[in-house]
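**Student:** One structure is given below, represented as structure tokens, and several questions about it will come after.
Residue numbers (this note's numbering): 603 to 880.
Right, here's the structure in full:
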């Protein structure tokens, strides 16, 4: 067989620009409460920022209370679905996966049209159902998430976990490889692949080239951005762009030569292209 190549993508986070001001959690909360007080005519954005602050600072009851306030003010079903999705993620963050599933299904019933919201609802449902050991249900939601957006890697990873839970080890390994190919900056799927191969050494020969290629590109990505590991800051940062908890990403591609092509990943018999919860 002629030499071919594994095709990988990866994203490198680019932190917001501008000066950084360290605040205590109390100072940050007071600043956001003041912003809320000043925006009485339209407190929607201030409520959203305050709720997300409470999520990030581990004050989950306060976060849910603010999300409920926000939900009452939202008229657009798309915005309501995103808000309920965040409520599910809040429950997920404290390990209440039954509660997370309830919120995610409520968000799903709103049928948001925005691809990212629709994807996250299904992906996060798959993740939470996996956590509850309901792997067949989780599989269905992960596959739907992949249909919605095959250019995001987490649903492939979560689908792999669903398949491992059902004893479908070979197909699970393919999912973990695909997840790594879609975004090699996140090495969790690769480590799940390593663990799976260690537990099922009969798969090692079939996936040895994939493992080697995944490892090579993961190490390469680390050299592209030495700060790619999460940075822990003491206190909170004041800039509005930071309070929105968003990072821009730079997407790049990388090819690793191989001699044997692995079987293509399939969700319903056909080959898949590239990319809870996230």
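Idealized CB from N, CA, C, for every residue including glycine.
Is residue 719 closer than 7 Å to residue 683 when the C-beta atoms are compared?
**Tutor:** In contact: residue 683 and residue 719 (Cβ atoms closer than 7 Å).
**Student:** Can you grab the Cα-Cα spacing for the pair residue 819 / residue 611, in whole Å?
**Tutor:** Using only the alpha carbons, I get a separation of about 9 Å.
**Student:** Excluding the 5 residues preceding and the 5 following residue 668 in the sequence, name in chain order all residues of the same chain whose CB lies nearer than 7 Å to its CB.
**Tutor:** Result list for residue 668: 649, 652, 653 and 656, in chain order.
**Student:** So, helix, strand or coil for residue 715, using DSSP?
**Tutor:** Of the three classes helix, strand and coil, the one that applies to residue 715 here is coil, per DSSP.
**Student:** Threshold first: 4 residues or longer. Then list the alpha helix (DSSP H) segments lying entirely within the stretch 651 to 678, N to C.
**Tutor:** DSSP runs (the alpha helix (DSSP H)) wholly in the stretch 651 to 678: 662 to 675.
**Student:** Count the other CB atoms, across all protein chains shown, that sit within 10 Å of the CB of residue 711; report buried if there are 16 or more and exposed otherwise.
**Tutor:** By the 10 Å Cβ count, residue 711 comes out exposed.
**Student:** Are residue 750 and residue 721 closer than 7 Å when you measure CB to CB?
**Tutor:** In this structure, residue 721 lies closer than 7 Å to residue 750 by Cβ.
**Student:** So what does DSSP say about residue 747, is it helix, strand or coil?
**Tutor:** Residue 747 falls in the helix class under three-state DSSP.
**Student:** Regarding residue 669 and the ligand ATP, is the C-beta to nearest heavy atom distance less than 6 Å?
**Tutor:** Annotation note on the ligand ATP: not contained in the displayed structure, which lists no ligands.
**Student:** By the three-class DSSP mapping on this structure, what secondary structure does residue 696 have?
**Tutor:** Here residue 696 sits in coil by DSSP.
**Student:** Output the distance between the C-alpha atoms of residue 727 and residue 809, rounded to the nearest integer angstrom.
**Tutor:** About 29 Å.
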